[in-house]
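A.B. asks:
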Ligand code: BGC
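Numbering (my numbering), first residue to last: 50 to 804.
#1: Short check: CB of residue 461 to CB of residue 564, under 8 Å?
#2: Please classify residue 704: does DSSP put it in a helix, a strand, or coil?
#3: Is any heavy atom in the ligand BGC found nearer than 7 Å to the beta carbon of residue 464?
#4: Taking 7 Å as the line, does the beta carbon of residue 517 fall inside it for any heavy atom of the ligand BGC?
#5: Check for me: the beta strand (DSSP E) holding residue 739 runs from which residue to which?
#6: Take the Cβ of residue 762 as the centre, count every other Cβ of all protein chains shown within 10 Å, and call the residue buried at 16 or more, exposed below.
#7: For the alpha helix (DSSP H) that residue 750 lies in, which residues bound it at each end?
#8: Can you tell me where the beta strand (DSSP E) holding residue 171 begins and where it ends?
#9: Compute the beta-carbon to beta-carbon distance between residue 68 and residue 294, rounded to the nearest angstrom, for a pair I have assumed lies under 8 Å.
#10: Measuring alpha carbon to alpha carbon, tell me which of 557, 139, 396 and 275 ends up nearest residue 498.
#11: Among 609, 744, 665 and 772, which residue has its Cα nearest to the Cα of residue 708?
#12: Can you give the Cα-Cα distance for residue 50 and residue 328, rounded to whole angstroms?
#13: Determine the burial state of residue 636: buried for a count of at least 16 other Cβ atoms within 10 Å of its Cβ, exposed for fewer.
#14: For residue 780, which residues in the same chain have their Cβ closer than 6 Å to its Cβ, ignoring the five residues on either side in sequence?
#15: Kindly indicate which three-state DSSP category residue 775 falls into: helix, strand or coil?
#16: On the premise that residue 482 lies in contact with residue 506, defined as a C-beta separation below 8 Å, what is that separation, rounded to the nearest angstrom?
#17: Along the chain, which unbroken stretches of the alpha helix (DSSP H) at least 4 residues long are found entirely within the segment 285-331?
#18: Report the start-end ranges of each beta strand (DSSP E) in the segment 512-548 that is 3 residues or longer and not cut off at the edges.
#19: What is the DSSP secondary structure of residue 663, counted as helix, strand or coil?
#20: Find out if the Cβ-Cβ distance for the pair residue 353, residue 525 is shorter than 8 Å.
#21: Helix, strand or coil, according to DSSP, for residue 256 in the structure here?
#22: Please classify residue 247: does DSSP put it in a helix, a strand, or coil?
#23: Alpha carbons only, please: which of 743, 771 and 732 is nearest the one belonging to residue 793?
#24: Do you know how far the Cα of residue 641 is from the Cα of residue 64?
#25: Can you tell me whether DSSP reads residue 272 as helix, strand or coil?
#26: Given 7 Å as the limit, tell me if residue 152 has its C-beta closer than that to any heavy atom belonging to the ligand BGC.
#27: Does the beta carbon of residue 91 fall short of 7 Å from some heavy atom of the ligand BGC?
#28: Mapping DSSP to helix, strand and coil, what is residue 157?
#29: For residue 273 and residue 244, I'd like the C-alpha separation in whole angstroms.
#30: Thinking C-beta only, is residue 511 closer than 8 Å to residue 369?
#31: Short check: CB of residue 203 to CB of residue 217, under 8 Å?
#32: Say yes only if the C-beta of residue 395 is nearer than 7 Å to one or more non-hydrogen atoms of the ligand BGC, and no if none qualify.
#33: Would you identify the three-state DSSP class for residue 342, choosing helix, strand or coil?
#34: Pick helix, strand or coil for residue 408, following the three-state DSSP scheme.
#35: Quick one: is the Cβ of residue 159 within less than 7 Å of any heavy atom of the ligand BGC?
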C-alpha cells in the first residue's frame with residue numbers, strides 16, 4: 050500500500066507520533082501532512098465499536114452490532130463463502146460506524162482443546178484456517194475497511210499469554226503455525242497484521258525481527274502495517290527495529306519519545322521511522338468517507354442463514370432428526386432460552402437482537418400443529434433446587450415423543466484464561482442421562498466454544514447436534530436444523546478426543562517455567578491421532594447430513610514435477626438437497642522427515658440436489674506434497690509415492706489413488722562432516738568417491754570389506770573425517786580436496802535441484 054501523504058517535510062517527532070495510538074482505539078492525526086486519525090475496532094465476528102476515548106476493559110459498553118457466528122462455527126462450515134459473507138457484513142457495519150480497521154480474523158491453530166480462545170480460531174488445520182481467513186479478509190476489505198489478521202504468531206494458549214515463550218522448532222512453525230498467516234497475507238493482502246503477546250522461541254513477537262521482517266515482509270511480501278496486540282510491546286525501540294509499525298494502545302506519546310531519542314542517539318536508523326510512519330499513514334486511506342447505515346435486519350437474517358451452515362450433526366441414530374413439526378417435543382435446558390452464542394473478552398459483542406431456540410422451535414412447531422413444552426432442567430448460575438429441576442425435566446421428557454436437551458459448559462469460553470476440563474458440569478451429565486432413560490428419543494444440542502467430552506453420556510442419546518457458538522441468530526438456526534428446514538452441512542474443524550489425556554499437547558501444555566515446549570511438533574490434532582492410530586470420539590472432518598453422499602471415481606493426474614489434479618465423483622444418494630464437503634488428504638512417507646499419516650491438502654463444499662452427481666476437481670499444488678527442510682530453509686517435495694485420499698473425514702478414506710512424483714533432488718554440500726553415505730550418494734561426487742575410496746584400500750582391507758558388507762551399515766552415518774580417522778584409510782589429499790571442492794560447488798543457490 051502506498052501512502053499518498055508526503056511525510057518528507059515532517060519533523061522526526063511528527064513521524065514518530067504516528068507510531069503509537071491515540072488512546073485505545075485510534076491513531077494520531079498529523080494535521081501538517083493532512084493525515085487524519087483512524088479508528089480501529091474488534092473483532093472477528095462483530096464490530097465492537099467503542100468510542101476512541103473508551104478504555105480497553107470497558108467490554109460491555111460497545112454499541113449494538115450484529116454478532117455473527119464466531120470462528121469456531123465458521124471453521125465448521127468448511128466454506129470460504131460463509132467466511133466471506135461474515136467478512137463482508139463486518140466491513141459494511143464497520144464502514145457505517147466510521148471504523149477503518151477491524152481487528153480480525155484470528156487464524157491461530159487449535160493446539161489444545163483447552164485454549165480459552167479456541168472459539169475465536171477456526172481449526173486445528175492450517176489449510177482450513179488459512180482458506181477461511183483469506184476469504185474473510187478479502188471480503189471485508191472489499192467493503193472498504195482494512196482487516197488485521199491475528200495473533201502473529203504461535204499464540205495457542207491464554208495461560209501466561211503475555212509472557213509465555215512458545216518453543217517451536219522451525220519445521221513445525223513453517224508447516225503448522227505459520228501457513229494460515231502466510232496464505233492470508235499472500236492471497237488476501239490484509240491492511241494490517243497484529244503481532245501476538247507471547248514470545249516465540251524466547252523473543253517477544255512484537256520484537257521478533259525474524260517473524261515481523263524476515264518472514265512476513267521479506268519472504269511473504271507483506272506491505273501493510275504491523276500493529277501490536279494491545280500492550281504487547283515491551284521495548285518500543287527494539288520493536289520498531291524488528292518491524293512493528295504501530296504500537297497499541299497509545300501511552301500519551303511516551304514511546305514516541307523513546308523512538309526520537311534513539312534516533313538522536315544514533316541507535317535507530319531514521320529510515321525505519323520513515324518506513325513505519327509511511328505504513329501507518331497509509332492506513333488513513335482506509336477512512337470510510339460516506340457512512341451509509343448497514344442493514345441490520347438483513348444482517349440478522351444473514352447471521353441465521355450462516356449459522357445454519359456451521360452446526361455439526363455428530364450423531365443421528367434411527368434418523369431421530371429432523372424432528373417432525375407435528376411432534377410433541379420436550380425442550381430441556383437453560384441454553385434453550387438463554388443462548389450461549391459467543392465467548393468472553395475483546396470479541397464480545399452487544400448483539401442487535403437475540404434469537405432463542407425455544408422461541409424459534411415453538412413458533413414453527415405450534416404453527417404446524419405440534420407441541421413444545423419447556424423445562425430448564427438446570428440453571429446457569431447454579432441456583433435453584435437441582436433435584437427438583439431435574440425431576441421436572443424428566444417428567445416432561447417422559448410424556449413427549451422426543452426430548453431435546455440444550456447443554457453446554459457452565460462457564461463461557463474466554464480470552465485471558467484457558468479451560469480446565471473438557472467435561473460438562475456433572476449436573477448436566479446427570480440430567481442428560483436421566484432424560485435419555487425417560488424419553489422415547491433424546492437429542493442433545495451443544496453450545497460450547499471449545500470441544501467437550503461426550504464420554505459419560507454419548508451412547509445413551511440418539512442424536513447430537515454440535516452447535517458451538519453460533520452468534521445472535523444461532524437459536525433460530527438450531528431450530529431450523531432440528532426441524533429439517535436446513536439440512537446440516539457442518540464438519541468438524543477439530544478432533545473431539547476420547548480424553549484430554551489423549552491430546553497431543555497433553556504433556557507440554559500449558560508449559561512450565563515460562564516456556565511451552567511444542568514437543569508434539571507437526572503432529573497437531575488429527576495429524577497426531579491418525580499417525581499413532583489413537584481412536585477418537587469424532588475425527589476431524591466428521592459431519593452428518595439428512596441426506597447421504599457417495600464418493601467414487603477418483604482420478605489423479607500428475608500435472609508437473611510436484612503438482613497434481615484430483616477429480617472425483619460425488620453423488621447425493623438420498624432424498625434431500627444437501628451440501629457435501631470433499632476432503633482431499635495426502636499421505637506419504639517420502640523424504641527424510643517424519644510425515645503425519647495424512648494431511649488435508651484441498652477441500653471443496655458442493656451443493657447437490659437429490660440424485661445429482663458431479664465431477665469435482667481439486668488442484669494439489671507443490672505445497673500439498675512438500676515438507677519444510679530446515680537445513681536448506683526450503684520447501685522440498687521428496688521424490689516418491691504420494692497417496693491421494695478422498696475422505697469422509699480424517700479417519701475414514703473413501704477412495705485413494707497413488708502417484709509418483711519426481712520431486713526435488715536435494716543436494717547437500719559435502720564436507721568432512723558429511724556422512725559416508727552422503728558422500729556415496731552424492732550425484733556428482735559419489736562415483737568418484739567410491740573409486741578413490743577403493744583405490745586407497747590395501748588388498749587386505751579390500752578383502753575385509755568384501756566380507757563385511759553389513760559392517761558398512763554401521764559406518765554409513767559416520768562423518769567422513771571420523772571414518773578416515775578410525776580406519777586409517779588415506780585418500781590422496783589432492784583427490785580429497787578436489788572432491789570437496791566439487792561437492793561444494795555443484796549446488797544451485799537454493800540448494801534444490803530438479804531431478
Ligand atoms: C486481544 C486482541 C484484541 C485487542 C483489542 C487484545 O487483548 O488479544 O485480540 O484485538 O485486545 O481489543
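Ideal placement from N, C-alpha and C gives every residue a C-beta, glycine not left out. As the structure is a computational prediction, the values presented were derived from the model and not from experiment.
C.D. replies: The structure says:
#1: Stepping through the chain shown from its first residue, residue 461 is reached at position 412. Stepping through the chain shown from its first residue, residue 564 is reached at position 515. Contact: no.
#2: Taking the first residue of the chain shown as 1, we reach residue 704 at position 655. Note: residue 704 maps to strand in three-state DSSP.
#3: Numbered from its first residue, the chain shown carries residue 464 at position 415. A heavy atom of the ligand BGC is found nearer than 7 Å to the CB of residue 464.
#4: As a first step, residue 517 is located in the chain shown; it is residue number 468 there, counting from the start. Residue 517: no, Cβ never under 7 Å from the ligand BGC.
#5: Taking the first residue of the chain shown as 1, we reach residue 739 at position 690. That residue, residue 739, is in no beta strand (DSSP E); its alpha helix (DSSP H) goes 734-745.
#6: Within the chain shown, the letter at position 713 stands for residue 762. So residue 762 ends up on the exposed side.
#7: Position 701 of the chain shown, counted from the start, is the residue given in the question as residue 750. Residue 750 -> alpha helix (DSSP H) spans 748-756.
#8: Along the chain shown, one-based indexing puts residue 171 at 122. Per DSSP, residue 171 belongs to no beta strand (DSSP E) and is neither H nor E.
#9: Taking the chain shown and counting its residues from 1, the one referred to as residue 68 is at position 19. Taking the chain shown and counting its residues from 1, the one referred to as residue 294 is at position 245. Indeed, because the Cβ distance is near 7 Å, the residues count as touching under 8 Å.
#10: Translated into the one-based positions of the chain shown, residue 498 becomes position 449. The shortest CA-to-CA distance from residue 498 to any of 557, 139, 396 and 275 is the one to 396.
#11: If you number the chain shown from 1, residue 708 lands on position 659. Checking every option, the nearest Cα to that of residue 708 belongs to 609.
#12: In the chain shown, counting from the first residue as 1, residue 50 sits at position 1. In the chain shown, counting from the first residue as 1, residue 328 sits at position 279. Per-residue confidence for residue 50 stands at a pLDDT of 41, beneath the threshold of 50, marking its modelled position as unreliable; the derived number appears in the next sentence. So the alpha carbons of these two residues sit roughly 8 Å apart.
#13: Position 587 of the chain shown, counted from the start, is the residue given in the question as residue 636. The residue in question, residue 636, is buried, as its Cβ has 16 or more Cβ neighbours within 10 Å.
#14: Locating residue 780 in the chain shown gives position 731, counting from the first residue. Excluding positions up to five away in sequence, the list reads 741 and 745.
#15: Here the question's residue 775 lines up with position 726 in the chain shown. Looking at residue 775 - three-state DSSP - the assignment turns out to be helix.
#16: Locating residue 506 in the chain shown gives position 457, where the first residue counts as 1. Locating residue 482 in the chain shown gives position 433, where the first residue counts as 1. With 8 Å as the limit, residue 506 and residue 482 qualify as a contact, their Cβ atoms being about 5 Å apart.
#17: 285-291 and 303-314
#18: 512-515
#19: Position 614 of the chain shown, counted from the start, is the residue given in the question as residue 663. Reduced to three states, the DSSP call for residue 663 is strand.
#20: As a position in the chain shown, residue 353 is number 304, starting the count at 1. As a position in the chain shown, residue 525 is number 476, starting the count at 1. A contact, by the Cβ cut-off of 8 Å.
#21: Along the chain shown, read from residue 1 onward, the residue named residue 256 stands at position 207. Three-state result, residue 256: helix.
#22: Numbered from 1 along the chain shown, position 198 holds the residue referred to as residue 247. The answer is coil: DSSP assigns residue 247 none of H, G, I, E or B.
#23: Within the chain shown, residue 793 is the residue found at index 744, counting from 1. Of the candidates 743, 771 and 732, the one whose C-alpha sits nearest the C-alpha of residue 793 is 732.
#24: The residue you call residue 64 lines up with position 15 of the chain shown. The residue you call residue 641 lines up with position 592 of the chain shown. Each residue's alpha carbon lies about 50 Å from the other.
#25: On the chain shown, position 223 is the one that residue 272 refers to. When secondary structure is reduced to three states using DSSP, residue 272 falls in the coil class, being assigned neither helix nor strand.
#26: Within the chain shown, residue 152 is the residue found at index 103, counting from 1. Yes, the ligand BGC has a heavy atom inside 7 Å of this Cβ.
#27: Walking along the chain shown from the start, residue 91 turns up at place 42. Because some heavy atom of the ligand BGC lies under 7 Å away, the Cβ of residue 91 counts as near it: yes.
#28: Counting from one through the chain shown, the residue named residue 157 turns up at place 108. Coil, per DSSP.
#29: Here residue 273 is taken as the residue at index 224 of the chain shown, counted from 1. Here residue 244 is taken as the residue at index 195 of the chain shown, counted from 1. The straight-line gap separating the alpha-carbon atoms of residue 273 and residue 244 is approximately 13 Å.
#30: For the purposes of this step, residue 369 is taken as the residue at position 320 of the chain shown. For the purposes of this step, residue 511 is taken as the residue at position 462 of the chain shown. Going by C-beta atoms, residue 369 is nearer than 8 Å to residue 511.
#31: By 1-based counting over the chain shown, the position of residue 203 is 154. By 1-based counting over the chain shown, the position of residue 217 is 168. In this structure, residue 217 lies closer than 8 Å to residue 203 by Cβ.
#32: Counted from its first residue, the chain shown places residue 395 at position 346. Yes, since a heavy atom of the ligand BGC falls inside the 7 Å radius drawn around the Cβ of residue 395.
#33: Numbered from its first residue, the chain shown carries residue 342 at position 293. In the three-state reduction of the DSSP assignment, residue 342 falls in the coil class, being assigned neither a helical nor a strand state.
#34: Here residue 408 corresponds to residue number 359 of the chain shown, with the count starting at 1. Residue state for residue 408 is assigned as helix, using DSSP reduced to three classes.
#35: Looking up residue 159 in the chain shown gives position 110. Not so, every heavy atom of the ligand BGC lies at least 7 Å from the Cβ.
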